[in-house]
Amino acid sequence: MANRSMTAGEWGLLIALSLLWGGSFLFNGILVRELPTLTIVTARVGLAALALWTVVRLAGHAVPRNREVWLAFLGMGVLNNIIPFSLIVWGQTHIASGLASILNATTPLFAVIAAHLLTTDEKMTGGRLVGVLVGFLGVALMIGPSVLSDLGANLLAQLAVLGGAVSYSIAGIFGRRFRRLGLPPLLPAAGQVTASAVLMLPVALVVDRPWTLAMPSAQTWMALFGLAFLATALAYVIFFRILATAGATNLMLVTFLIPVSAILLGALILGEVLAPKHFAGMALIAVGLAAIDGRLLRMVMEKRRPLGSDAGG
């Protein structure tokens, strides 16, 4: 399933997801000025859970009662939220965001390997592997090779971000079970953030003691709502929709597009200037995605095939 080319609709959803998750960098940049990390993460998943269960009720879906389903929600919440959010946020307190983005962009590579080892229908192909490597180089070039000068310093922080990328890739494989369970995308999206919120809330209360914090500003509240409702609730509905139709390895390609979205949003909203390296990196990412998709290569091969080659003799 996952080795097929994605449809135009699936590519559209992937781009939309990258815009939502790329925007989360803007929201986080505002939030960390006034709120501690665990409070941000807990509020993010908690508000997203409230929003998603409201939509679930409006859509007429029944709340799952099955123990197997809720155990799956719990596992997905740990793998897709708690572990990567915690590792990456902690890592970014010690290393630059550019280096963290490059390390996080290894997610598709881990996804290709994990899917090859753990699934029967998402096996690695030469074109897919080459495409992932080219896309990764594009991310590194776009963010800037200078950040690699810090590679090796703060090794634990860098390993933490890589650990987050590995967790994301395994979550993509783990989440395939929701299709087997016959759940619409809204339910696993709501279930996993609910499980994450339940696990995170006591930790945040003990560590951050949020009742002792100053009342956040209006800008912080707006950023928190944007992070929870757009970059989490809406994003996860799209996430599980793509996972159900296009597979885990195709879904993880979004981590190549997130830096592109973040940089483009920075240019549009914050007036940041795009440099030649940004355009060169985006071009490499486009080449990598085309190689992974496979359609362009097949079109070229079809055109080069001699007339009558399909006939016998």
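Take 1 as the starting number for the sequence shown in full-length UniProt numbering and just add one per residue. Note that CB positions come from ideal geometry on N, CA and C, so glycine has one too.
Does the beta-carbon distance from P108 to M282 come in below 8 Å? no
Contact set for A140: own chain, Cβ-Cβ below 6 Å, skip 5 residues either direction: I102
Quick check on the DSSP output: the alpha helix (DSSP H) that includes W11 runs from which residue to which? A8 to L31
With a threshold of 7 Å on Cβ separation, who are the neighbours of A231 within its own chain once the five nearest residues in sequence on each side are excluded? L20, W21, G23, S24 and F27
For A2, which residues in the same chain have their Cβ closer than 6 Å to its Cβ, ignoring the five residues on either side in sequence? In this predicted model, A2 has a pLDDT of only 47, less than 50, meaning its place in the structure is not dependable enough to derive any value.
Where are the alpha helix (DSSP H) runs, 4 residues long or more, that stay fully inside the stretch 187 to 260, in chain order? 218 to 225, 235 to 246 and 248 to 251
For M124, which residues from the same chain have a beta carbon less than 8 Å from its beta carbon, with the 5 sequence-adjacent residues on both sides left out? V112, I113, A115 and H116
So the candidates are G266, V56, L74 and A235; which of them puts its Cα closest to the Cα of R44? A235
Considering only the beta carbon of each residue, do P185 and M76 sit closer than 8 Å? no
Which same chain residues end up closer than 8 Å to A171 when comparing Cβ atoms and leaving out the 5 residues on each side of it in sequence? M76, L79, N80 and P84
Can you tell me whether A280 is buried or exposed? The criterion is at least 16 other CB atoms within 10 Å of its CB, across all chains shown. exposed
Spatial neighbours of T207 in its chain, beta-carbon cut-off 7 Å, leaving aside the 5 residues before and after: Per the sequence shown, the amino acid found at residue 207 is Val instead of Thr. The residues are L38.
Could you check what DSSP says for M124 in three-state terms: helix, strand or coil? coil
Would you say I285 and F256 are within 8 Å of each other, going by their C-beta atoms? yes
Can you check whether the CB of S18 is closer than 8 Å to the CB of F217? Here the sequence assigns Ser to residue 217, which means Phe is not the residue at that position. No, the pair does not count as a contact, with Cβ atoms beyond the cut-off.
Could you name the residues of the same chain whose beta carbon sits closer than 7 Å to that of T119, not counting the 5 residues immediately before and after it, in chain order? I173
My guess is that K277 and G91 are in contact by the Cβ rule of under 8 Å, so how many angstroms apart are they, rounded? Actually they are not in contact, since the Cβ atoms of K277 and G91 sit about 24 Å apart, beyond 8 Å.
How about T42 and A233: are their beta carbons less than 8 Å apart? no
In three-state terms, what does DSSP make of G75? helix
Rounded to whole angstroms, what is the Cα-Cα separation between G60 and G126? 44 Å
Chain-order list of residues whose beta-carbon lies under 7 Å from that of G313 (same chain, five-residue window excluded): The pLDDT assigned to G313 is 39, lower than 50, so where the model puts this residue is not dependable, and the model offers no usable value.
Which residues in the same chain have their Cβ closer than 6 Å to the Cβ of W53, if we skip the five residues on either side of it in sequence? A190
Can the beta-carbon of A165 be found less than 8 Å from the beta-carbon of N104? yes
By alpha-carbon positions, which one of V55, V237, L50 and E34 ends up nearest to F178? V237
What is the DSSP secondary structure of L183, counted as helix, strand or coil? coil
With DSSP as the reference, label residue 343 as helix, strand or coil. As displayed, the chain neither begins before 1 nor continues past 313, which places residue 343 out of reach and without an answer.
Spatial neighbours of G226 within its chain, please: CB distance less than 6 Å, with the 5 preceding and 5 following residues excluded, ordered by chain position. F27
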